[in-house]
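Please read the structure below before turning to the comments.
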Amino acid sequence: QQQVKQSPQSLIVQKGGIPIINCAYENTAFDYFPWYQQFPGKGPALLIAIRPDVSEKKEGRFTISFNKSAKQFSLHIMDSQPGDSATYFCAARKTSYDKVIFGPGTSLSVIP
Amino acid sequence: DAGVIQSPRHEVTEMGQEVTLRCKPISGHDYLFWYRQTMMRGLELLIYFNNNVPIDDSGMPEDRFSAKMPNASFSTLKIQPSEPRDSAVYFCASSLLAGDNEQFFGPGTRLTVL
Chain H
1 QQQVKQSPQS LIVQKGGIPI INCAYENTAF DYFPWYQQFP GKGPALLIAI RPDVSEKKEG
61 RFTISFNKSA KQFSLHIMDS QPGDSATYFC AARKTSYDKV IFGPGTSLSV IP
Chain X
1001 DAGVIQSPRH EVTEMGQEVT LRCKPISGHD YLFWYRQTMM RGLELLIYFN NNVPIDDSGM
1061 PEDRFSAKMP NASFSTLKIQ PSEPRDSAVY FCASSLLAGD NEQFFGPGTR LTVL
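Protein chains in written order, with this note's numbering: chain H, 1 to 112; chain X, 1001 to 1114.
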């Protein structure tokens, strides 16, 4: 049972473009939503995270938009660079329970 | 700190053999997680520990898989007997307390079962 859905599965954009990765969840008990970035041959690493009491969070070129009523959130990468090419995982977690539920991942390629 | 350490980085074995994967979490972290990553199934949580005690092993695929954490600085994931469908990258991660704490992943062990 997939508790966190993610799309698209893969994405190719040109340098400078704004890739958008979308995620959706069903469980309203989730109240913490991290995004992880994974480069080939490496383990995932936390990129940015948001709580549902804010609608947007920005860190550098990375922005999370959150729509609590729709139970959806998305990652935008401004002015994307070839170095952003990686797999991105959205995730969700209930703070009263330790487990993080990961989405299936999006493979992003930024071409020069 | 050196981060989460996993060994071996690569393991090639034959079907039926026992495989042991090792993990050293970041010092001071109370939680340790074992994940499996495949193209078909993505990133799956197998088991996690809190203060060396297994909390949730519902992701362990079957009895052939077992995990231990004898002390705060060491954990093992064992597969006996191994099967070709166990081929995957296995990650260990650790974190501080519960709540919003970031999980720090190790570099992974790429397991190939022939």
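We treat Cβ as the ideally placed atom computed from N, Cα and C, and that holds for glycine.
Asked: Glu1083 of chain X beta carbon less than 8 angstroms from that of Gly1059 of chain X; Found: no
Asked: Closer than 9 angstroms at the beta carbon, the chain X residues around Lys42 of chain H; Found: Phe1105, Pro1107 and Gly1108
Asked: Ser1094 of chain X beta carbon less than 8 angstroms from that of Ile1026 of chain X; Found: yes
Asked: Proximity below 8 angstroms, CB of Asp1063 of chain X to CB of Ile1047 of chain X; Found: no
Asked: Cβ separation of Gln1006 of chain X and Cys1023 of chain X, assumed to be a contact under 8 angstroms, to the nearest whole Å; Found: 5 angstroms
Asked: Every unbroken alpha helix (DSSP H) within the region 1016–1065 of chain X, with a cutoff of 4 residues, ordered by chain; Found: none
Asked: Neighbourhood of Pro19 of chain H by C-beta, 7 angstroms cutoff - its chain only, sequence neighbours within 5 removed; Found: Leu11, Val13, Ile77, Ser80 and Leu108
Asked: Chain X within 8 angstroms of Leu108 of chain H, Cβ atoms only; Found: no
Asked: Helix, strand or coil at Arg61 of chain H [DSSP, three-state]; Found: coil
Asked: Residue closest to Val54 of chain H, alpha-carbon to alpha-carbon, out of H:Ile21, H:Ile64, H:Gly60 and H:Ala45; Found: H:Ile64
Asked: Short CB-CB distance (under 8 angstroms) between Thr5 of chain H and chain X; Found: Sequence check: residue 5 of chain H is Lys here, not Thr. No - not a single Cβ of chain X is within 8 angstroms of the one on Lys5 of chain H.
Asked: Check whether Ile21 of chain H and Gln6 of chain H have beta carbons under 8 angstroms apart; Found: yes
Asked: Cβ pair Tyr117 of chain H, Gln3 of chain H closer than 8 angstroms; Found: As displayed, chain H neither begins before 1 nor continues past 112, which places residue 117 of chain H out of reach and without an answer.
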